[in-house]
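Below is one structure, written out as structure tokens; comments come after it.
2 protein chains.
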Amino acid sequence: MDLNEQLAARQARARERMDELAIDVLLLSVGADLPYLTGYEAMPLERLTMLVLPRGGESILVVPELEAPRVEPRPGAFELRTWSETEDPIAIVAGLVGPAARSVAIGDQTWARFVLRIQDAVPAARMHPASVVTSPLRVVKDSTEVEALRAAAHAVDAVGAEMRGRPFGGRTELDIHREFSDRILEHGHERVNFAIVGSGPNGASPHHEASARVVNDGDVVVCDFGGTMDGYCSDITRMFVVGEPSAEVRDVYDLLVDAQEHAVRAATVGTSCEAVDATARRIIAAGGYGDRFIHRTGHGIGLEAHEDPYLVSGNRTPLEPGHAFSIEPGIYFPGRFGMRLEDIVVASDDGPDRLNAAPRDLAIVG
Amino acid sequence: MDLNEQLAARQARARERMDELAIDVLLLSVGADLPYLTGYEAMPLERLTMLVLPRGGESILVVPELEAPRVEPRPGAFELRTWSETEDPIAIVAGLVGPAARSVAIGDQTWARFVLRIQDAVPAARMHPASVVTSPLRVVKDSTEVEALRAAAHAVDAVGAEMRGRPFGGRTELDIHREFSDRILEHGHERVNFAIVGSGPNGASPHHEASARVVNDGDVVVCDFGGTMDGYCSDITRMFVVGEPSAEVRDVYDLLVDAQEHAVRAATVGTSCEAVDATARRIIAAGGYGDRFIHRTGHGIGLEAHEDPYLVSGNRTPLEPGHAFSIEPGIYFPGRFGMRLEDIVVASDDGPDRLNAAPRDLAIVG
Numbered sequence: 381m382d383l384n385e386q387l388a389a390r391q392a393r394a395r396e397r398m399d400e401l402a403i404d405v406l407l408l409s410v411g412a413d414l415p416y417l418t419g420y421e422a423m424p425l426e427r428l429t430m431l432v433l434p435r436g437g438e439s440i441l442v443v444p445e446l447e448a449p450r451v452e453p454r455p456g457a458f459e460l461r462t463w464s465e466t467e468d469p470i471a472i473v474a475g476l477v478g479p480a481a482r483s484v485a486i487g488d489q490t491w492a493r494f495v496l497r498i499q500d501a502v503p504a505a506r507m508h509p510a511s512v513v514t515s516p517l518r519v520v521k522d523s524t525e526v527e528a529l530r531a532a533a534h535a536v537d538a539v540g541a542e543m544r545g546r547p548f549g550g551r552t553e554l555d556i557h558r559e560f561s562d563r564i565l566e567h568g569h570e571r572v573n574f575a576i577v578g579s580g581p582n583g584a585s586p587h588h589e590a591s592a593r594v595v596n597d598g599d600v601v602v603c604d605f606g607g608t609m610d611g612y613c614s615d616i617t618r619m620f621v622v623g624e625p626s627a628e629v630r631d632v633y634d635l636l637v638d639a640q641e642h643a644v645r646a647a648t649v650g651t652s653c654e655a656v657d658a659t660a661r662r663i664i665a666a667g668g669y670g671d672r673f674i675h676r677t678g679h680g681i682g683l684e685a686h687e688d689p690y691l692v693s694g695n696r697t698p699l700e701p702g703h704a705f706s707i708e709p710g711i712y713f714p715g716r717f718g719m720r721l722e723d724i725v726v727a728s729d730d731g732p733d734r735l736n737a738a739p740r741d742l743a744i745v746g
Numbered sequence: 381m382d383l384n385e386q387l388a389a390r391q392a393r394a395r396e397r398m399d400e401l402a403i404d405v406l407l408l409s410v411g412a413d414l415p416y417l418t419g420y421e422a423m424p425l426e427r428l429t430m431l432v433l434p435r436g437g438e439s440i441l442v443v444p445e446l447e448a449p450r451v452e453p454r455p456g457a458f459e460l461r462t463w464s465e466t467e468d469p470i471a472i473v474a475g476l477v478g479p480a481a482r483s484v485a486i487g488d489q490t491w492a493r494f495v496l497r498i499q500d501a502v503p504a505a506r507m508h509p510a511s512v513v514t515s516p517l518r519v520v521k522d523s524t525e526v527e528a529l530r531a532a533a534h535a536v537d538a539v540g541a542e543m544r545g546r547p548f549g550g551r552t553e554l555d556i557h558r559e560f561s562d563r564i565l566e567h568g569h570e571r572v573n574f575a576i577v578g579s580g581p582n583g584a585s586p587h588h589e590a591s592a593r594v595v596n597d598g599d600v601v602v603c604d605f606g607g608t609m610d611g612y613c614s615d616i617t618r619m620f621v622v623g624e625p626s627a628e629v630r631d632v633y634d635l636l637v638d639a640q641e642h643a644v645r646a647a648t649v650g651t652s653c654e655a656v657d658a659t660a661r662r663i664i665a666a667g668g669y670g671d672r673f674i675h676r677t678g679h680g681i682g683l684e685a686h687e688d689p690y691l692v693s694g695n696r697t698p699l700e701p702g703h704a705f706s707i708e709p710g711i712y713f714p715g716r717f718g719m720r721l722e723d724i725v726v727a728s729d730d731g732p733d734r735l736n737a738a739p740r741d742l743a744i745v746g
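Residue numbers (the numbering used here), protein chains in the order written: chain A, 381 to 746; chain B, 381 to 746.
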């Protein structure tokens, strides 16, 4: 199946789902739903790009005139409607939606400024997030998508393995961050999405951004990095220590490895998302660190770095073949250090398919 | 005035503006309004970060627990309210907004998924984009902000000047893009926002992204690049040609330089935004290329790469001292090449203050 056929098939499934939910029109702008259904990604700017996909009609992609040259024509997937600098794109979209629309789904990441204006322009339509239509489609990856995720995972595996041979001590987090970023690109990603380098106390902040802090002897360093390769995301966390780790660090890390390993094995088809989360949480709690595991166990991954399904308490969704997600328990000691270990896993009928293969033991670096 | 005092003063002005507009609560998430008023930037992720700033009460910053360590406390600017993975942040925000709110302003770039849920949770409140409150504040840069923009401009000036001595021919656009990006960081930016390298026919696509195309002898190359330095954005476009330019290329470029120069000189206090646009457009039209100048003349710049004021037909706003914006006319020949020339200018009582100083003549490169 070539891309045009694939896009047509995906749009057909989106229309089926719209039928089920009685949604008249799907409106997509920034975010991954648009490339999923059209192959085109909107620029996150103040000039509106929006796909208007009616349940029973042809899709129209509304694009600023100056960005039209970026759009690869997809005759089966959409017709192009450009707007010039003195036209109002909201009026164009509202005209395409039409006055009869009663139920509209709009891309989850669409900017509020556009949402509010479209609501004013089609006041009779009730608005829903587009994910009610698209998430059930996107959450199940087909074999091509799984292989794209696998290729991206192997690329960051190579980065993780290479960094084990590199010095950390005496360098700033930012300098190490730059090296991770460069290597992510060198290994074939088109984009770096993040490269967290959390050294010493900074590692206790799960979403720490690399800073000017100089990495010291004895520091534990959380490295969580990923990007986008051929449209699909990678995401991996590996742990580094400068010099010999203390007994405490070794013990905490052994517990984390155990929790992660059990959670990966638990990620079988039919198991609920929250049960996988509970598996990791139970082991860390039994080790005495339950209150230091302050986030969910994982998130789905695909065209977006974070998407459905989320491995979190309260999510009773059973895993299906093709669900792709991170498994990344963490243990954090404010003011001292943090640890996290993360791989991407795909649920399959043959059991959990762990995409990452970079060494998982503590990397002792200079 | 230290940052805490500055944030308090900005919040006081936001509250005055809310009084004028009878807006009860301001809700800010991703985007630049939040750092402008709190010094904190929300992560663009599925976990909601939101400032709740009531007209007559204290500001509360609602933040995911795992991101709380990233938040620098600002006792005068906000109190922190963290939410754990099993709490619902929408309910927390709705509780803080309160049932009496009738008019709420929400950050222009807030994701639709949050906008729709907040609308459901506070159904009696009419929603407006936050820019009705914040734009009149942010559009006038104070002297500290102008100096931050100037420093960022000088950094990309240095990149532009350096690249005049570098080879272009035989390299891919992506490779040159990487070099621009690296140099933007080396010159002190914390983030690269874009580095357009549009060679030959790709230059006719104003928002072209660097591709695998190899730059050829004779190619005209549009290089439009910028980043964020100490929170403020840079943005500059310079033109490169591989080898001797043709007479046509020289003529078109001379016309463009003339149009840009006159538009810069026209950007005096009291002149309308659309009059500056018209100045550039008139000169290009007189040269015979009016239909090839397919975008507005410029955009405001500050904490965001694109913000008010926009230099576009229909915008009658008169320029005020402290307005900062790009002046970037372009001429595009589909299938052949494009040209654009851009500087950042600040309107001041002493006349237009052009921040960029990198050489503006065609750079002839190898």
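We put the CB at the ideal spot given by N, CA and C, even for glycine.
Starting from the C-beta of residue i, find all residues in its chain whose C-beta is less than 7 angstroms away, skip the five residues before and the five after it, and write them out in chain order.
i: Arg393(A); result: Leu517
i: Arg497(A); result: Ile470
i: Arg563(B); result: Val539, Glu542
i: Arg454(B); result: Asn384, Leu387, Thr418, Gly419
i: Gly598(A); result: Val622, Gly623
Below 8 angstroms between beta carbons: does that hold for residue i and residue j?
i: His675(B); j: Pro586(B); result: yes
i: Ala480(B); j: Leu406(B); result: no
i: Ala743(B); j: Asp537(B); result: no
i: Leu401(B); j: Val513(B); result: yes
i: Ile681(B); j: Pro709(B); result: no
i: Asn582(A); j: Glu553(A); result: yes
i: Asp741(A); j: Arg734(A); result: no
i: Ala532(A); j: His569(A); result: yes
i: Pro732(A); j: Val519(A); result: no
i: Ile556(A); j: Val644(A); result: no
i: Ala770(A); j: Asp488(B); result: For residue 770(A) there is no data in the structure shown, the boundaries of chain A being 381 and 746.
i: Met619(B); j: Val602(B); result: yes
i: His686(B); j: Leu425(A); result: yes
Using the Cβ count rule (16 or more neighbours within 10 Å means buried), how would you classify residue i?
i: Ser464(B); result: exposed
i: Arg482(B); result: exposed
i: Asp382(B); result: exposed
i: Glu385(A); result: exposed
i: Asn596(A); result: exposed
i: Glu452(A); result: exposed
i: Thr524(A); result: exposed
i: Thr466(B); result: exposed
i: Ala474(A); result: buried
i: Ile547(A); result: First, the amino acid is wrong: residue 547(A) is Pro here, not Ile. The residue in question, Pro547(A), is exposed, as its Cβ has fewer than 16 Cβ neighbours within 10 Å.
i: Asp634(B); result: exposed
i: Asp604(B); result: buried
i: Arg696(B); result: exposed
i: Pro449(A); result: buried
Excluding five sequence neighbours on each side, which residues of the same chain lie with their C-beta closer than 6 angstroms to the C-beta of residue i?
i: Leu441(A); result: Leu431, Phe458, Leu460
i: Thr651(A); result: Leu699
i: Leu433(A); result: Leu406, Ser439
i: Phe494(A); result: Leu428
i: Arg477(A); result: Sequence inspection shows Val at residue 477(A); the Arg mentioned does not correspond to that position. Around Val477(A): Val405, Val502.
Using a Cβ-Cβ cut-off of 8 angstroms (strictly less than) and excluding sequence neighbours within five positions of residue i, which residues of its own chain qualify?
i: Val649(B); result: Pro698, Leu699, Glu700, Pro701, Ala727, Ser728, Asp729
i: Gly670(B); result: Arg661, Ile664
i: Gln391(A); result: Leu417, Leu433, Ser439, Ala457
- Taking only beta carbons into account, state which residues of the stretch 688-716 of chain A come closer than 9 angstroms to chain B, listed in chain order. Cβ contacts with chain B come from Tyr690, Val692, Ser693, Gly694, Gly710, Tyr712, Pro714.
- Query: In the stretch 483-497 of chain A, which residues sit with their C-beta less than 9 angstroms from some C-beta in chain B, listed in chain order?
  - Reply: For the stretch 483-497 of chain A, which is checked against every Cβ of chain B, the residues closer than 9 angstroms are Ile486, Gly487, Asp488, Gln489, Thr490, Trp491, Ala492, Arg493, Phe494, Val495, Leu496, Arg497.
- Query: Taking any Cβ of chain A, which residues in the stretch 446-461 of chain B have a Cβ under 9 angstroms from it, in chain order?
  - Reply: Closer than 9 angstroms at the C-beta level to chain A, one finds these residues of the stretch 446-461 of chain B: Leu446, Glu447, Ala448, Pro449, Arg450.
- At what residue ranges does the stretch 431-492 of chain B contain a whole run of the alpha helix (DSSP H), taking only runs of 4 or more? DSSP runs (the alpha helix (DSSP H)) wholly in the stretch 431-492 of chain B: 469-477.
- Query: Of the residues that make up the stretch 565-589 of chain A, which ones have a beta carbon closer than 8 angstroms to any beta carbon in chain B?
  - Reply: So the close ones are Leu565, Ala584, Ser585, Pro586, His587, His588, Glu589.
- Query: At a Cβ cut of 7 angstroms, what residues of the stretch 635-666 of chain A count as close to chain B, listed as they run along the chain?
  - Reply: Under the 7 angstroms Cβ criterion, the stretch 635-666 of chain A contributes no residue.
- Item | Interface residues of the stretch 399-410 of chain B facing chain A [CB-CB below 8 angstroms] | For the stretch 399-410 of chain B, which is checked against every Cβ of chain A, not one residue is closer than 8 angstroms.
- Only counting runs of 3 or more residues, tell me where the beta strand (DSSP E) segments fall wholly within the stretch 530-605 of chain B, in order along the chain. For the stretch 530-605 of chain B, whole beta strand (DSSP E) runs of length 3 or above, ordered along the chain, are 571-579.
- Message: Could you tell me which whole alpha helix (DSSP H) segments of length 4 or greater appear in the stretch 640-665 of chain A?
- Response: Qualifying alpha helix (DSSP H) stretches: none in this window.
- Task: Pull out every residue of the stretch 418-435 of chain B whose Cβ sits closer than 7 angstroms to any Cβ of chain A, in chain order.
- Result: Correct list: Met423, Leu425, Glu426.
- Would you list, in chain order, the members of the stretch 668-684 of chain B that have their beta-carbon closer than 7 angstroms to a beta-carbon of chain A? Shown in chain order are the members of the stretch 668-684 of chain B whose Cβ falls below 7 angstroms from a Cβ of chain A: Ile674, His675, Arg676.
- In the stretch 506-526 of chain B, which residues sit with their C-beta less than 9 angstroms from some C-beta in chain A, listed in chain order? Those would be Met507, His508, Pro509, Ala510, Ser511, in chain order.
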